[in-house]
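For this note's numbering, count along the sequence shown from 1 and bump the result up by 8.
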Amino acid sequence: MKIVSFLALIVVFTLAAHTKFADASKLPAIKIKTLDGKTINTADLANDGKPIILDFWATWCKPCVQELSNISTVYEDWQKETGVKVIAVSIDDARNSHKVAPFVKGRNWDYEVYIDENSDLKRALNVNEIPHTFLINGKGEIVYQHKSYAPGDENHLYEEVKKVAGLTK
9 MKIVSFLALI
19 VVFTLAAHTK
29 FADASKLPAI
39 KIKTLDGKTI
49 NTADLANDGK
59 PIILDFWATW
69 CKPCVQELSN
79 ISTVYEDWQK
89 ETGVKVIAVS
99 IDDARNSHKV
109 APFVKGRNWD
119 YEVYIDENSD
129 LKRALNVNEI
139 PHTFLINGKG
149 EIVYQHKSYA
159 PGDENHLYEE
169 VKKVAGLTK
């Protein structure tokens, strides 16, 4: 009985980690900061009708850094094939936000990186754990999300990106 209960929990958590939205919701309009301290509104995030990956992370989160580093190795190919844009949103708070720019520069990530130091966007999207990745279609609608990270998850994410880009069904 304990084994059946344990297996049922594994299935529930696995399904919860990968969520497709039946009714796509729009990205909320929230102010976040650029790496040089300027404020932008998330309503202005766009990619000419192509998909956007919005990835919540922090400098202290090893799985987050691993995910973004693994995506970085294939990002150029992803862009060529689908036009996808990766936007990494750090949830490092005001005490640690000064660490984000040098951290990113040291990894040569070719992403737009923003800081949600007051956790406004994090709260609006109900992000309770990181990494937490959202896929946004060309209309600005959230169509997929994934919580946590295990090596290889980026491959599943890319399959979802290709679907949103209209390259696969």
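The beta carbon of each residue, even a glycine, is placed where N, CA and C say it ideally should be.
Computed from a predicted structure; not experimentally measured.
Measuring straight from C-alpha to C-alpha, what distance separates Tyr122 and Ala132? 16 Å
Cβ atoms of Leu53 and Leu43: under 9 Å apart, would you say? no
Between the CA atoms of Ser105 and Thr67 - distance to the nearest angstrom: 9 Å
Below 8 Å on the Cβ atoms is my guess for Tyr83 versus Asp118; work out the distance and round it to an integer in Å. 6 Å
So the alpha helix (DSSP H) Trp86 belongs to, where does it begin and stop? Lys70 to Thr90
Buried or exposed by the 16-neighbour rule on C-beta atoms within 10 Å, applied to His154: buried
My understanding is that Pro40 touches Phe64, with C-beta atoms under 8 Å, so please give their C-beta distance in whole angstroms. Pro is not the amino acid found at residue 40; the sequence shown has Ile there. Going by Cβ atoms, the distance from Ile40 to Phe64 rounds to 11 Å, so no, they are not a contact pair.
Report yes if the CB atom of Trp86 is closer than 9 Å to the CB atom of Ile79, and no otherwise. yes
Residues in the same chain with beta-carbon distance under 8 Å from Gln74, minus the five sequence neighbours each way, listed in chain order, please. Tyr157 and Pro159
Reducing DSSP to helix, strand and coil, say where Asp128 ends up. helix
Between Leu175, Arg115, Lys177 and Thr141, which has its C-alpha nearest Asp161's C-alpha? Thr141
Grab me the residues of Pro179's own chain with a C-beta within less than 8 Å of its C-beta, minus the 5 sequence neighbours each way, in chain order. Only positions 9 to 177 of the chain appear in the structure, and residue 179 is not among them; the question remains open.
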